[in-house]
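Protein chains in written order, with our numbering: chain A, 1000 to 1411; chain B, 14 to 93. Glycine included, each C-beta is placed from N, C-alpha and C at the ideal position. On a predicted model such as this, the values are computed, not experimentally measured, just so you know. First up is the structure itself, then whatever we jot down about it.
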Amino acid sequence: MTRPDVVVTGLGATTPLGGDVVSTWDAMLAGRSGVSPLTADWAKELPVRIAAQLMVDPSEVIDRVRLRRLDRSEAVAIIAAQQAWADAGFSTVEGVPDGVDAERLAVSIGSGIGGAQTLLAQDDILEASGARRVSPHTVPMLMPNGPAAFVGLELGAKAGVHCVASACATGAEAIALGLDIIRSGRADVVVAGGTEAVIHQLPIAGFASMRAMSTRNDDPERASRPWDKARDGFVLGEGSAVIVLERADHAAARGARVYARLAGAGITSDGYDIVQPDPQGAGFVRAIGKALADADLTGADIAHVNAHATSTPVGDMAEIIGLRQAIGDHPVLTATKSMTGHLLGAAGALESIATILAIRDDVVPPTINLDDPEDGLLDVAVHKPRPLEIRAALNNSFGFGGHNVALVFTKP
Amino acid sequence: MSSREEITAGLAEILEEVAGVSPADVAEEKSFTEDLDVDSLSMVEVVVAAEEKFGVKIPDDQVQNLKTVGDAVTYISTNA
Chain A
1000 MTRPDVVVTG LGATTPLGGD VVSTWDAMLA GRSGVSPLTA DWAKELPVRI
1050 AAQLMVDPSE VIDRVRLRRL DRSEAVAIIA AQQAWADAGF STVEGVPDGV
1100 DAERLAVSIG SGIGGAQTLL AQDDILEASG ARRVSPHTVP MLMPNGPAAF
1150 VGLELGAKAG VHCVASACAT GAEAIALGLD IIRSGRADVV VAGGTEAVIH
1200 QLPIAGFASM RAMSTRNDDP ERASRPWDKA RDGFVLGEGS AVIVLERADH
1250 AAARGARVYA RLAGAGITSD GYDIVQPDPQ GAGFVRAIGK ALADADLTGA
1300 DIAHVNAHAT STPVGDMAEI IGLRQAIGDH PVLTATKSMT GHLLGAAGAL
1350 ESIATILAIR DDVVPPTINL DDPEDGLLDV AVHKPRPLEI RAALNNSFGF
1400 GGHNVALVFT KP
Chain B
14 MSSREEITAG LAEILEEVAG VSPADVAEEK SFTEDLDVDS LSMVEVVVAA
64 EEKFGVKIPD DQVQNLKTVG DAVTYISTNA
């Protein structure tokens, strides 16, 4: 039996740069930063007082009563999934999907941290007012599979709803799982991506205690600066990005518009340390090798890489060493986290969308704030977008826990 | 002591806040689940909010007897 081709037929996102994919992509090509000061009272005493907050609040899209039963990470996943669903030309009427058999439709949407804002808010209520006042919606709001399950309900998916959790590699791994599901014949269409909404004092304090975050509080728009010598950590972002994966012949039969082909995926684990990446980059070099082999391509075919590059002092250059080894010196890189901040569990999905649109438009979106590049850096589209014919591109994602995920997208 | 009308109006406020029920739809003969579309989890929220608003305890084994808005009004006016 030959392996089916899997293509991307829909995109959806709500991000610090825009409330949808079009506005987010426009902002990326314009080199805009989505980072701003945190003005809430709780932020006053934190070492980190900046974040990449959503451009469009979920309350502008989802009605008040529904929103009070959703964690913010669930609300943004629903918004991104609805957009991707409509963008792919599907609809769902009274819980029944139109254009695909419900039993051939799956969801794969993960989160790095899950419903932490709900957990913390309900704990405040428990401490202040007692157990009886805790919302009966607490559990479905904080469970990590909540975003995938709510999206499954929204679209009418009955071939399984799945929640991948691999920290900052989650969004990419959820897409890789979607590829596997279609290839193995368990579904024709998979709605896949990631979501995260943990701009709250506890997660920020936790990451800040690890000394992982930028403290450039007086200059938020310049805080996320991958590969720049003055980088001092990542900037936390929030949002969701979701893509529609579809078996190529299913997409062709309904005349769907195809953005790109998801040609291959590679997943490895470092087996080295719970948070430190393997300093030789061996784990992600293997992931890239597997993704290329899966796509039946070689490093020479990859014109562009959307790097993981979070703006941390150690990780950024380790990735460069690994890329040289796995692919070579030729690809044109970008780090879109310089603009979006780091969306943790949604990052790999948002960067997949940037990679897909880079292939569609033959342009590499810029890396902003790269004013003083590290020595030994590869070719990066700095400050401005770079026109480039891109037949195949790679998106890297790595996560605490030693997770490495590489995705290869090509022109359809 | 509140009148039945005042209790109904108070319940209508809670139902709007918790479940998005239009206050115009709330009347004593309406069933919470059948007519007003209040699901079981939202009913828990309604009960807790009503306890707070009317200073009454509504034990879980009583909640199943509160089928209509009127049942709840009677329970609250008798036990508050």
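With distances taken between CB atoms, is the gap from residue i to residue j smaller than 8 Å?
{"i": "A:Ile1112", "j": "A:Leu1349", "result": "no"}
{"i": "A:Val1234", "j": "A:Ile1352", "result": "no"}
{"i": "A:Gly1193", "j": "A:Ala1240", "result": "yes"}
{"i": "B:Glu20", "j": "B:Val61", "result": "The question names Glu, but residue 20 of chain B in the sequence shown is Ile. In this structure, B:Val61 does not lie closer than 8 Å to B:Ile20 by Cβ."}
{"i": "A:Ser1058", "j": "A:Pro1146", "result": "no"}
{"i": "A:Gly1177", "j": "A:Ser1107", "result": "yes"}
{"i": "A:Val1304", "j": "A:Leu1393", "result": "yes"}
{"i": "A:Ala1087", "j": "A:Val1095", "result": "no"}
{"i": "A:Val1189", "j": "A:Leu1152", "result": "no"}
{"i": "A:Leu1332", "j": "A:Leu1377", "result": "yes"}
{"i": "A:Asn1403", "j": "A:Ala1168", "result": "yes"}
{"i": "A:Ser1223", "j": "A:Ser1208", "result": "no"}
{"i": "A:Ala1302", "j": "A:Arg1390", "result": "yes"}
{"i": "A:Ile1358", "j": "A:Ala1247", "result": "no"}
{"i": "A:Thr1008", "j": "A:Ala1255", "result": "yes"}
{"i": "A:Ala1345", "j": "A:Gly1114", "result": "no"}
{"i": "A:Met1027", "j": "A:Pro1364", "result": "yes"}
{"i": "A:Val1055", "j": "A:Gly1030", "result": "no"}
{"i": "A:Asn1251", "j": "A:Val1284", "result": "A quick correction: the sequence has Ala, not Asn, at residue 1251 of chain A. No. Outside cutoff."}
Does residue i come out as helix, strand or coil in the three-state DSSP assignment?
{"i": "A:Phe1397", "result": "strand"}
{"i": "A:Glu1102", "result": "helix"}
{"i": "A:Arg1146", "result": "The question names Arg, but residue 1146 of chain A in the sequence shown is Pro. Here A:Pro1146 sits in helix by DSSP."}
{"i": "A:Thr1137", "result": "helix"}
{"i": "A:Asn1368", "result": "coil"}
{"i": "A:Val1362", "result": "strand"}
{"i": "A:Met1027", "result": "helix"}
{"i": "A:Gly1321", "result": "helix"}
{"i": "A:Val1381", "result": "strand"}
{"i": "A:Leu1176", "result": "helix"}
{"i": "A:Ser1239", "result": "strand"}
{"i": "A:Arg1224", "result": "coil"}
{"i": "A:His1307", "result": "coil"}
{"i": "A:Val1007", "result": "strand"}
{"i": "A:His1329", "result": "coil"}
{"i": "A:Phe1408", "result": "strand"}
{"i": "B:Val57", "result": "helix"}
{"i": "A:Val1075", "result": "helix"}
{"i": "A:His1249", "result": "helix"}
Mind checking residue i: buried by the 16 CB within 10 Å criterion, or exposed?
{"i": "A:Arg1063", "result": "exposed"}
{"i": "B:Thr91", "result": "exposed"}
{"i": "A:Pro1015", "result": "buried"}
{"i": "A:Ser1090", "result": "exposed"}
{"i": "A:His1341", "result": "buried"}
{"i": "A:Val1092", "result": "exposed"}
{"i": "A:Asp1097", "result": "exposed"}
{"i": "A:Glu1237", "result": "buried"}
{"i": "A:Gly1398", "result": "buried"}
For the putative contact between residue i and residue j, defined by C-beta atoms under 8 Å, what is the C-beta separation to the nearest angstrom?
{"i": "A:Glu1172", "j": "A:Gly1109", "result": "7 Å"}
{"i": "A:Ile1287", "j": "A:Gly1400", "result": "About 18 Å; that fails the 8 Å criterion."}
{"i": "A:Ser1337", "j": "A:Thr1311", "result": "At roughly 13 Å, the Cβ-Cβ gap does not stay under 8 Å, so A:Ser1337 and A:Thr1311 are not in contact."}
{"i": "A:Gly1011", "j": "A:Val1020", "result": "6 Å"}
{"i": "A:Gly1347", "j": "A:Ser1396", "result": "4 Å"}
{"i": "A:Ile1180", "j": "A:Ala1083", "result": "With 8 Å as the limit, A:Ile1180 and A:Ala1083 do not qualify as a contact, their Cβ atoms being about 16 Å apart."}
Let me check one thing: in DSSP terms, what residues is residue i bridge-paired to?
{"i": "A:Asn1403", "result": "A:Thr1267 and A:Phe1397"}
{"i": "A:Ser1110", "result": "A:Thr1194"}
{"i": "B:Phe45", "result": "BP columns for B:Phe45 are empty, so no partner."}
{"i": "A:Phe1233", "result": "A:Met1212"}
{"i": "A:Ala1051", "result": "A:Val1034 and A:Gly1236"}
{"i": "B:Asp84", "result": "Partner(s): none; B:Asp84 has no beta bridge."}
{"i": "A:Leu1261", "result": "A:Phe1408"}
{"i": "A:Leu1244", "result": "A:Val1007 and A:Val1189"}
{"i": "A:Pro1386", "result": "A:Val1362"}
{"i": "A:His1199", "result": "Bridge partners of A:His1199: none, in fact."}
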